[in-house]
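Novice:
There are 2 protein chains.
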Amino acid sequence: MENKVTINDIARLTGLSKGTVDRVLHKRGEVSKKSYEKVMKVIEELGYKPNVFASLLAGGKGCLIAVVLPSGEKGSYWELAESGIAKVGADVEALGVRTQLFTYDQYKPESFHQTCTEVLEAAPDGVVLAPLFKEETSQFVLDLEEKGIPYVFVDSRLESEHYLAYFGMPMYQSGYLCADQLTGGFAIGSVLIVRVLRDKSRQADPTKNRRAGFIDYMLEHSPECSVSNIFIDPNDPDGTYQALDNYFKAHPETRHIVMFNSRIHLLVPWLSSHPVKGRRVVGFDNLPENVAALKRGTVSSLIAQRPDVQVKRAIEALAEAIVLQKLPPQKDSFMHMDILTRYNVDYY
Amino acid sequence: MENKVTINDIARLTGLSKGTVDRVLHKRGEVSKKSYEKVMKVIEELGYKPNVFASLLAGGKGCLIAVVLPSGEKGSYWELAESGIAKVGADVEALGVRTQLFTYDQYKPESFHQTCTEVLEAAPDGVVLAPLFKEETSQFVLDLEEKGIPYVFVDSRLESEHYLAYFGMPMYQSGYLCADQLTGGFAIGSVLIVRVLRDKSRQADPTKNRRAGFIDYMLEHSPECSVSNIFIDPNDPDGTYQALDNYFKAHPETRHIVMFNSRIHLLVPWLSSHPVKGRRVVGFDNLPENVAALKRGTVSSLIAQRPDVQVKRAIEALAEAIVLQKLPPQKDSFMHMDILTRYNVDYY
DNA sequence: AAAATTTCCGTGCACGGTAACGGGAAATCA
DNA sequence: TGATTTCCCGTTACCGTGCACGGAAATTTT
Numbered sequence: 001m002e003n004k005v006t007i008n009d010i011a012r013l014t015g016l017s018k019g020t021v022d023r024v025l026h027k028r029g030e031v032s033k034k035s036y037e038k039v040m041k042v043i044e045e046l047g048y049k050p051n052v053f054a055s056l057l058a059g060g061k062g063c064l065i066a067v068v069l070p071s072g073e074k075g076s077y078w079e080l081a082e083s084g085i086a087k088v089g090a091d092v093e094a095l096g097v098r099t100q101l102f103t104y105d106q107y108k109p110e111s112f113h114q115t116c117t118e119v120l121e122a123a124p125d126g127v128v129l130a131p132l133f134k135e136e137t138s139q140f141v142l143d144l145e146e147k148g149i150p151y152v153f154v155d156s157r158l159e160s161e162h163y164l165a166y167f168g169m170p171m172y173q174s175g176y177l178c179a180d181q182l183t184g185g186f187a188i189g190s191v192l193i194v195r196v197l198r199d200k201s202r203q204a205d206p207t208k209n210r211r212a213g214f215i216d217y218m219l220e221h222s223p224e225c226s227v228s229n230i231f232i233d234p235n236d237p238d239g240t241y242q243a244l245d246n247y248f249k250a251h252p253e254t255r256h257i258v259m260f261n262s263r264i265h266l267l268v269p270w271l272s273s274h275p276v277k278g279r280r281v282v283g284f285d286n287l288p289e290n291v292a293a294l295k296r297g298t299v300s301s302l303i304a305q306r307p308d309v310q311v312k313r314a315i316e317a318l319a320e321a322i323v324l325q326k327l328p329p330q331k332d333s334f335m336h337m338d339i340l341t342r343y344n345v346d347y348y
Numbered sequence: 349m350e351n352k353v354t355i356n357d358i359a360r361l362t363g364l365s366k367g368t369v370d371r372v373l374h375k376r377g378e379v380s381k382k383s384y385e386k387v388m389k390v391i392e393e394l395g396y397k398p399n400v401f402a403s404l405l406a407g408g409k410g411c412l413i414a415v416v417l418p419s420g421e422k423g424s425y426w427e428l429a430e431s432g433i434a435k436v437g438a439d440v441e442a443l444g445v446r447t448q449l450f451t452y453d454q455y456k457p458e459s460f461h462q463t464c465t466e467v468l469e470a471a472p473d474g475v476v477l478a479p480l481f482k483e484e485t486s487q488f489v490l491d492l493e494e495k496g497i498p499y500v501f502v503d504s505r506l507e508s509e510h511y512l513a514y515f516g517m518p519m520y521q522s523g524y525l526c527a528d529q530l531t532g533g534f535a536i537g538s539v540l541i542v543r544v545l546r547d548k549s550r551q552a553d554p555t556k557n558r559r560a561g562f563i564d565y566m567l568e569h570s571p572e573c574s575v576s577n578i579f580i581d582p583n584d585p586d587g588t589y590q591a592l593d594n595y596f597k598a599h600p601e602t603r604h605i606v607m608f609n610s611r612i613h614l615l616v617p618w619l620s621s622h623p624v625k626g627r628r629v630v631g632f633d634n635l636p637e638n639v640a641a642l643k644r645g646t647v648s649s650l651i652a653q654r655p656d657v658q659v660k661r662a663i664e665a666l667a668e669a670i671v672l673q674k675l676p677p678q679k680d681s682f683m684h685m686d687i688l689t690r691y692n693v694d695y696y
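In the order they appear, the protein sequences are chains A and B.
Mapping of the first sequence onto this note's numbering: residues 1 to 348, in sequence order.
Mapping of the second sequence onto this note's numbering: residues 349 to 696, in sequence order.
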């Protein structure tokens, strides 16, 4: 079609055989320096691009992409991310891409380490990685680079590495947007932030920047607003409800509530049994339970980043890079913040 | 890899040759009824799927997808849609898919008709179609069906046809959502709808349902709200500003403004020179000018459907259907309503 | 019954690339 | 100088399909 130049053309023009050309294309040696350069020159001039079909047909192997995620419990954020693997387009699957999931315990750095060695043993052609532990990830990434395995970050990323691309949400801005959704742009008097207790694992609080963005918005738009925090234990519903009761007994004037992680659904039973007119409740991520609460009106709006789509797009970008040698246009601009309300969530 | 069964296997099992098998696969006759059935039976049993690579390699032709859109002026909605063609993934392009754009004058049914005949002459393997004229589209679609050319609707669709898929926005619900964005969920006193004058062309008002959804929301949530309409001529800026001046002189209490098409940007100069605190302005579609106004704060929020993405996904769905024989999972559920504010538009 | 068609089917090459195999020439060694 | 090794490179057999070509068998025509 468009790309008429084949490996045979190059062979003819260089006076060599296609076997030799193939050897330089795959850098598998046994080629004299002179021949190597001659071939490279012609390839450059003609803009030769290998035919993917022929290559896949002959090679047959296809490629393997490892997806490394925290293990996702039922209904959790990471389960949603996991589901993205099943959603990769038929077109990239047709390109011979297989994909394998590796999970780790998000609270145990050593589990992550263990998983990383498993990944390296599987010798994938590319890795999609949701990193939680900075130090361990740095090491893993070095191993990957050494082996020349490209990798894509999902959800969060390390700053200064040579990753191929990053699919995630800008945390600070998402907090800012969240505040805008909560207030509707008008000044409010007070707001309650509900946070979860964190045991001191080695991972930093992933919602820290989001909270910062929220606070900054409030300072700019509602400087006199009082912002309170309470902490709950995700595994203790009764304690959670108790904490809410206590807070609102002491601060009956507060109405709006926000959570910066995906667990707003933990508050739903309490919210349902304590309805307040004009209360706005804003959370993050389109977990099934969150969406259900949104539809019922218990939650006002969700800021979603669709981890499933992120994983899907990460795999696709990686596949294009590996199979087609097409680099993604930008490294970091694949970031979404979608506003969900009960009126558009059905079409999401 | 996974699909080990080849055309040769079938040939061997049926005692025929691969030439014959190929003939039944492509229905090009010259096969006895007995052989035909024998082959079909084995194909069924083994679940034979042709190897896309080999097929593309041997056939070479690839496929042609025609994209039929209204011609888009600079900065218009349809120009945005057009840009989606350039955004189709490298993976589907690698599948040998070429794409050709056909445009028509959105105000002239005969122009559409003319374009349709051109499309038929080009003999594409699939058609992406943004239909505006109901009658002419019905006829065109019949022609396509007769030739067995699959087609996908974009932006709007005909109700009862055998289209492969539809990518668009649910109009009624978008109006409903729009009202929710405008009011923030609270009752308001009055709102101004700005509409464009329509010459009596054969196409119906495409925003009619959207307006209906808006009105219904207002009736339910702000029953006492007064809703006014004014009409402007898109080609007459001064007249537009004059109309706005007149209206607001007579109704100084009205603050919020909404438009149901993509032309909210027409009001921007007037809005900028007549700032009102607490005024909410809501429009549709992420045209560059609209987005710019959103960033400056002149427009409060936009409901966007990303026509470019719709076209892109339509092409991809069609390509998968043609090349890989994979039907899209659902016909109609590819509909988006994205809420854009100045705080998330940068990451859109 | 022989000739002329028609129907049906097998053979073989092409598509572009991969990789094993083997061999000629140069370099090293005996 | 002859034998052996090393370095390069050409040859060749695929990968799974598409399709043109030609021929055998079945059918019709004279």
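Beta carbons are placed, not taken as given, at the ideal position from N, Cα and C, and that holds for glycine.
All figures in this text were calculated on a predicted structure; none of them were measured in a lab.
Helix, strand or coil, according to DSSP, for Met335(A) in the structure here?
Specialist: Note: Met335(A) maps to coil in three-state DSSP.
Novice: So, for Asp656(B): in the same chain, excluding its five sequence neighbours on each side, which residues have a beta-carbon less than 7 Å away from its beta-carbon?
Specialist: So the list reads Leu428, Ala429, Ser431, Gly432 and Lys435, once near-sequence residues are dropped.
Novice: Would a check of beta-carbon distances place Gly437(B) closer than 8 Å to chain A?
Specialist: Output row for Gly437(B): interface = yes.
Novice: Applying the 10 Å Cβ sphere with the 16-neighbour rule, what's the burial state of Pro457(B)?
Specialist: Buried.
Novice: Mind checking whether the beta-carbon of His26(A) lies closer than 7 Å to any heavy atom of the ligand ATP?
Specialist: As presented, the structure is devoid of all ligands, the ligand ATP included, so that no description of it is given.
Novice: With a threshold of 16 other CB atoms inside 10 Å of the CB of His684(B), please say whether the residue is buried or exposed.
Specialist: So His684(B) counts as buried.
Novice: Do you know whose CA, among Lys352(B), Lys386(B) and Val353(B), lies nearest Thr368(B)'s CA?
Specialist: Among Lys352(B), Lys386(B) and Val353(B), the Cα nearest to that of Thr368(B) is on Lys386(B).
Novice: At which residue ranges does the stretch 456-508 of chain B contain complete beta strand (DSSP E) runs of 3 or more residues, listed in the order of the chain?
Specialist: Here the runs fully enclosed are 474-477 and 499-503.
Novice: Cβ of Lys679(B) less than 8 Å from any chain A Cβ?
Specialist: Lys679(B) does not count as touching chain A.
Novice: Do you know offhand how far Glu145(A)'s Cα is from Gly168(A)'s?
Specialist: Roughly 22 Å between the two C-alpha positions.
Novice: Would you mind sorting Pro479(B) into buried or exposed? The rule is 16 or more other CB atoms within 10 Å of its CB.
Specialist: When all chains shown are included, Pro479(B) counts as buried.
Novice: Could you please give the first and the last residue of the uninterrupted alpha helix (DSSP H) stretch that includes Arg296(A)?
Specialist: Looking at the DSSP string, the run of the alpha helix (DSSP H) that includes Arg296(A) is Pro288 to Arg296.
Novice: Quick check on DSSP: helix, strand or coil for His604(B)?
Specialist: Strand.
Novice: Sorted by chain position, which residues of the same chain lie with C-beta nearer than 7 Å to Arg661(B)'s C-beta, five sequence neighbours on each side aside?
Specialist: These residues qualify, in order along the chain: Phe515 and Phe682.
Novice: With the cut-off set at 8 Å, would you say Ile339(A) and Ser300(A) are in Cβ contact?
Specialist: Going by C-beta atoms, Ile339(A) is not nearer than 8 Å to Ser300(A).
Novice: Name the DSSP beta bridge partners of Gln448(B), please?
Specialist: DSSP lists Ala414(B) as partners of Gln448(B).
Novice: How do the stretch 55-65 of chain A and the stretch 397-408 of chain B stand: do at least 3 beta-carbon pairs fall below 8 Å, yes or no?
Specialist: Segments in contact, yes.
Novice: Helix, strand or coil for Gly367(B), going by three-state DSSP, please let me know.
Specialist: Reduced to three states, the DSSP call for Gly367(B) is helix.
Novice: According to DSSP, is Val624(B) helix, strand or coil?
Specialist: Of the three classes helix, strand and coil, the one that applies to Val624(B) here is coil, per DSSP.
Novice: Is His613(B) buried or exposed, if buried means 16 or more other CB atoms sit within 10 Å of its CB?
Specialist: His613(B) should be labelled buried.
Novice: Would you report the Cα separation of Lys397(B) and Ala471(B), rounded to the nearest angstrom?
Specialist: Each residue's Cα considered, the two are about 26 Å apart.
Novice: Find the residues of chain B that neighbour Ala209(A), judging by a C-beta separation of less than 9 Å, and give them in chain order.
Specialist: In the sequence on display, residue 209(A) carries Asn and not Ala. Residues of chain B passing the Cβ test: none, with the nearest at roughly 14 Å.
Novice: Name the residue from Asp680(B), Leu567(B) and Arg559(B) whose alpha carbon lies nearest to the alpha carbon of Asn609(B).
Specialist: Per the Cα distances, Arg559(B).
Novice: Between Met1(A) and chain B, is there a C-beta pair that is closer than 8 Å?
Specialist: Bear in mind that the predicted position of Met1(A) carries a pLDDT of just 46, short of 50, making it unreliable; the figure below should be weighed with that in mind. With 8 Å as the cut-off, Met1(A) counts as an interface residue toward chain B.
Novice: So what does DSSP say about Leu192(A), is it helix, strand or coil?
Specialist: Strand.
Novice: Please classify Phe284(A): does DSSP put it in a helix, a strand, or coil?
Specialist: Three-state result, Phe284(A): strand.
Novice: In terms of residue numbering, what span does the beta strand (DSSP E) encompassing Val227(A) cover?
Specialist: Looking at the DSSP string, the run of the beta strand (DSSP E) that includes Val227(A) is Ser226 to Ile232.
Novice: Please work out which residues of its chain come closer than 7 Å, Cβ to Cβ, to Glu378(B), disregarding the five sequence neighbours upstream and downstream, and give them in chain order.
Specialist: Around Glu378(B): Arg371.
Novice: For the alpha helix (DSSP H) holding Ser300(A), just list the boundary residues, first then last.
Specialist: Segment: none, Ser300(A) is in no alpha helix (DSSP H) and carries neither H nor E.
Novice: Looking at Asp143(A): is its Cβ nearer than 8 Å to the Cβ of Ile322(A)?
Specialist: No.
Novice: I'd like the list of long-range same chain contacts for Val390(B), defined as Cβ closer than 6 Å, with 5 residues on each side in sequence excluded.
Specialist: Here the set comprises Ile358, Leu361 and Thr362.
Novice: Helix, strand or coil for Tyr348(A)? Go by DSSP, reduced to three states.
Specialist: Coil, per DSSP.
Novice: Taking the beta strand (DSSP E) that Tyr595(B) belongs to, which residues open and close that run?
Specialist: Tyr595(B) -> not in any beta strand (DSSP E); alpha helix (DSSP H) instead, spanning Pro585 to Ala598.
Novice: So, is the C-beta of Asp686(B) closer than 8 Å to a C-beta in chain A?
Specialist: Asp686(B) counts as touching chain A.
Novice: Check the DSSP bridge columns for Tyr514(B) and list the partner residues they point to.
Specialist: Phe501(B).
Novice: Just the C-alpha distance for Arg628(B) and Met519(B), rounded to the nearest angstrom, thanks.
Specialist: Arg628(B) and Met519(B): Cα-Cα distance of roughly 21 Å.
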